[in-house]
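Protein chains in written order, with the numbering used here: chain A, 1 to 359; chain B, 1 to 359.
Working notes, structure below.
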């Protein structure tokens with residue numbers, strides 16, 4: 001294992017987070033976007049909640065009602081013919097998938113990057129008809145002085161990717177759906193290339209094709225095209241089942257460092273890296289052949305959905321120390337550090353090389 | 001049944017089409033885009049081919065090789081452990097789907113709209129790495145004097161939607177992938193609205209959501225966003241399984257007439273209609289409650305994949321007579337006529353009404 005986990009892990013647990021309602025309990029505080037903002041590290045947590053009281057032997061899905069503004073409970077008694085209890089996160093009823101919790105976004109703040117104070121109120125809550133099952137997995141990119149946040153709105157219409165913009169982490173502007181279902185794990189590059197924004201995406205194909213990372217471009221951040229596959233899963237390896245972008249790409253002298261996640265056929269989620277060309281991020285310079293981090297700590301192995309390390313944000317400081325904030329077991333937040341030099345070694349990139357000479 | 005089928009049906013059969021190679025046979029000539037061009041009706045056929053000689057007890061997929069420019073044969077002996085013969089169109093091997101035929105696009109021309117002369121050579125053939133399994137289901141929109149053709153490039157990377165442009169149906173300009181996998185049944189509206197192009201799309205979701213028709217907009221025809229669902233399947237009805245746009249929308253005094261396809265849970269594909277607001281095609285004025293056409297003729301019920309009527313293009317003449325060209329049973333092309341008045345009756349739109357008063 002290359003990374004050094006925080007001694008303080010997990011740094012944020014569900015019990016640290018005040019529920020958004022008295023009758024709710026927090027079951028997950030995980031998959032946070034991370035950014036340095038003024039003199040603080042901000043984590044924009046995905047907070048998953050469910051009612052404290054769930055009727056015995058009942059599957060329950062909390063669903064936001066955009067008409068009333070309330071969260072309704074959709075319940076199905078266990079033993080119902082068309083009910084399938086799939087795992088802790090989801091059940092299927094009459095062929096449709098429902099989520100057992102509903103997520104919102106919540107800020108946590110820290111001056112040392114380790115000890116966080118969690119806001120008592122949500123930052124962003126489900127609002128539209130496309131967010132009735134919750135909003136999930138924010139990634140924050142600083143582009144030209146504004147913070148653009150991709151996230152997954154989930155509803156009966158599907159799992160999409162949408163967009164928020166903020167300058168102050170107090171007021172958030174909402175944008176339309178930028179990637180129609182199913183498309184997840186979208187990260188925006190923190191700069192334009194030839195007057196185009198770039199994004200990594202993870203189309204969730206149904207019939208043909210691998211669960212791969214694609215790249216697309218845009219002139220306005222809303223309309224995306226020129227889609228093409230960037231990286232494929234490698235069957236038989238740690239990332240043979242599915243891959244997706246995790247952290248917002250980090251600019252280095254050697255290229256864009258993308259920390260991505262790969263899962264094997266048993267849904268064990270690891271973290272790995274790929275270095276992309278500085279001027280053309282559709283070009284791969286080097287990719288991990290092994291994960292640099294896999295679930296092994298107790299809080300990573302067991303939880304709401306175990307055997308998962310899943311990051312939505314990392315921060316590199318001026319000493320090239322990278323702090324990876326990651327969701328563990330779909331339950332809590334943890335942190336780990338790795339140096340850029342260690343990542344370069346792992347990617348077999350010599351520190352004297354430059355991206356352009358390698359490309 | 002409201003439509004009147006051509007007496008001459010099927011108007012184009014596989015045996016009418018010259019294979020693109022001597023060692024190939026044509027197994028399907030279907031799902032053609034249709035357009036009036038100069039004094040002719042043009043059908044841009046999807047022509048599906050496979051080798052004449054297939055080794056006994058073997059699953060074979062013809063796959064275009066973009067490096068050599070040849071079509072290679074991928075074969076798996078029947079009885080192989082990880083081989084599943086799914087239906088006539090596809091097999092699965094080691095979890096991946098393969099197609100038993102490979103499609104290109106071919107022009108057929110007619111002065112009366114019924115009797116067609118089929119070009120001896122393809123119009124557009126698989127060329128890129130995203131087209132190795134074929135190119136399928138073209139839809140032709142005339143926009144500002146140019147013909148824009150959406151089609152499905154299929155490869156191991158997935159089933160996408162891409163774009164061709166032509167002014168003469170001799171030279172075709174190819175564009176990048178405009179909708180990443182899986183997204184099919186894309187039709188472009190033949191005009192701009194508030195300086196935006198509009199498209200109907202059919203995201204093929206994997207985990208959550210119905211197989212529904214979505215709408216998106218674009219400023220340049222390449223980059224698409226502002227995705228939102230337009231119409232959902234209606235469980236228990238003829239279109240309860242899946243719906244998708246079929247023909248390019250037809251402008252009428254009453255709104256945009258979209259002839260769409262709906263399939264039930266048994267994969268019986270019917271044709272139905274929806275009228276969309278003239279100024280805002282994301283508004284539905286009226287939608288079929290029953291199909292106006294379902295597979296019943298022998299050539300629709302039996303074929304490569306039976307019980308399918310599937311249109312990619314219809315033409316309305318100056319007398320408001322609509323000729324629907326459609327693929328029957330994934331095998332041949334047929335035609336049927338219906339008047340706009342009959343469609344309006346079917347949609348319970350009174351002829352004296354205007355779209356704006358109904359919207």
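For each residue, glycine too, the CB sits at the ideal point set by N, CA and C.
Handout entry: Cutoff 8 Å: residue 214 of chain B Cβ touching any chain A Cβ
Key = Proximity of residue 214 of chain B to chain A, defined by a Cβ-Cβ separation below 8 Å, is satisfied.
Handout entry: Neighbour list for residue 261 of chain B in chain A, Cβ cutoff strictly below 9 Å
Key = Here the premise fails: no neighbours, minimum Cβ distance about 17 Å.
Exercise for the section: Could you tell me which chain B residues have their CB closer than 9 Å to the CB of residue 224 of chain A, listed as they occur along the chain? Expected result: 180, 223, 224 and 225
Problem - Which of helix, strand or coil DSSP assigns to residue 135 of chain B - result: strand
Problem - Bounding residues of the alpha helix (DSSP H) (the contiguous stretch that carries residue 113 of chain A) - result: Run containing residue 113 of chain A: none; DSSP gives neither H nor E here.
Handout entry: C-alpha gap between residue 84 of chain A and residue 93 of chain A, whole angstroms
Key = If I take the Cα positions, the gap works out to 6 Å.
Problem - Contacts that residue 201 of chain A makes with chain B (C-beta to C-beta distance below 8 Å) - result: 180
Handout entry: Interface flag, residue 152 of chain B vs chain A, CB-CB below 8 Å
Key = Contact with chain A is absent for residue 152 of chain B, since none of that chain's Cβ atoms lies less than 8 Å from the residue's Cβ.
Exercise for the section: Tell whether a beta-carbon distance below 8 Å holds between residue 155 of chain B and residue 132 of chain B. Expected result: yes
Problem - Backbone CA spacing between residue 50 of chain A and residue 25 of chain A [nearest angstrom] - result: Between residue 50 of chain A and residue 25 of chain A, the C-alpha separation is close to 6 Å.
Handout entry: Cβ neighbour criterion (16 or more within 10 Å) applied to residue 298 of chain B
Key = Residue environment analysis places residue 298 of chain B among the exposed positions, since fewer than 16 neighbouring C-beta atoms fall within 10 angstroms of its C-beta.
Exercise for the section: Kindly indicate the opening and closing residues of the beta strand (DSSP E) around residue 338 of chain A. Expected result: 332-339
Handout entry: Strand pairing of residue 316 of chain B, partner residues [DSSP]
Key = According to DSSP, which records beta bridges pairwise, residue 316 of chain B is partnered with B:322.
Practice task
Put residue 344 of chain A into one of helix, strand or coil per three-state DSSP.
Solution key: Collapsing the DSSP output to three states places residue 344 of chain A in a helix.
Handout entry: Reference residue 261 of chain B, options B:124, B:128, B:307 and B:279, closest by Cα
Key = B:307
Practice task
Kindly say whether residue 102 of chain B, judged by its beta-carbon, lies nearer than 8 Å to any beta-carbon of chain A.
Solution key: no
Exercise for the section: Please report how far the alpha carbon of residue 5 of chain B lies from the alpha carbon of residue 309 of chain B, in whole angstroms. Expected result: 12 Å
Exercise for the section: Assign residue 299 of chain B to one of three DSSP states: helix, strand, or coil. Expected result: helix
Practice task
May I have the straight-line CA-CA distance separating residue 334 of chain B from residue 169 of chain B, to the nearest angstrom?
Solution key: 22 Å
Handout entry: Collapsed DSSP secondary structure at residue 36 of chain B in the structure displayed
Key = strand
Handout entry: Beta-bridge pairing of residue 42 of chain A - partner residues as DSSP gives them
Key = A:35 and A:109
Handout entry: Min CB distance residue 158 of chain A to chain B below 8 Å
Key = yes
Handout entry: residue 144 of chain B - DSSP class collapsed to helix/strand/coil
Key = coil
Exercise for the section: With DSSP as the reference, label residue 16 of chain A as helix, strand or coil. Expected result: DSSP places residue 16 of chain A in helix when its eight states are reduced to three.
Handout entry: Interface flag, residue 205 of chain B vs chain A, CB-CB below 8 Å
Key = yes
Problem - Burial state of residue 174 of chain A, where buried means 16 or more other Cβ atoms lie within 10 Å - result: exposed
Practice task
Kindly indicate if chain B contains any beta-carbon less than 8 Å away from that of residue 209 of chain A.
Solution key: yes
Practice task
Apply the 10 Å Cβ neighbour rule to residue 296 of chain A and answer buried if 16 or more other Cβ atoms are within range, or exposed otherwise.
Solution key: exposed
Practice task
Could you confirm whether any beta carbon from chain A is found closer than 8 Å to the beta carbon of residue 15 of chain B?
Solution key: no
Practice task
Would you mind sorting residue 265 of chain A into buried or exposed? The rule is 16 or more other CB atoms within 10 Å of its CB.
Solution key: By the neighbour-count rule (16 or more Cβ atoms within 10 Å), residue 265 of chain A is not buried but exposed.
Problem - C-alpha distance - residue 142 of chain A paired with residue 193 of chain A, whole-angstrom precision - result: If I take the Cα positions, the gap works out to 15 Å.
Exercise for the section: Return the CA-CA distance between residue 202 of chain A and residue 33 of chain A, expressed in angstroms with no decimal places. Expected result: Separation of residue 202 of chain A and residue 33 of chain A (C-alpha to C-alpha, rounded to the nearest whole angstrom) is 17 Å.
Practice task
Rounded to whole angstroms, what's the CA-CA distance from residue 15 of chain B to residue 149 of chain B? Just pull it up for me.
Solution key: 26 Å
Handout entry: Contact list for residue 229 of chain A against chain B, beta-carbon separation under 7 Å
Key = Taking a Cβ-Cβ cut-off of 7 Å, the neighbours of residue 229 of chain A in chain B comprise 157, given in sequence order.
Practice task
Measure the alpha-carbon distance for residue 40 of chain A versus residue 185 of chain A and round it to whole angstroms.
Solution key: 25 Å
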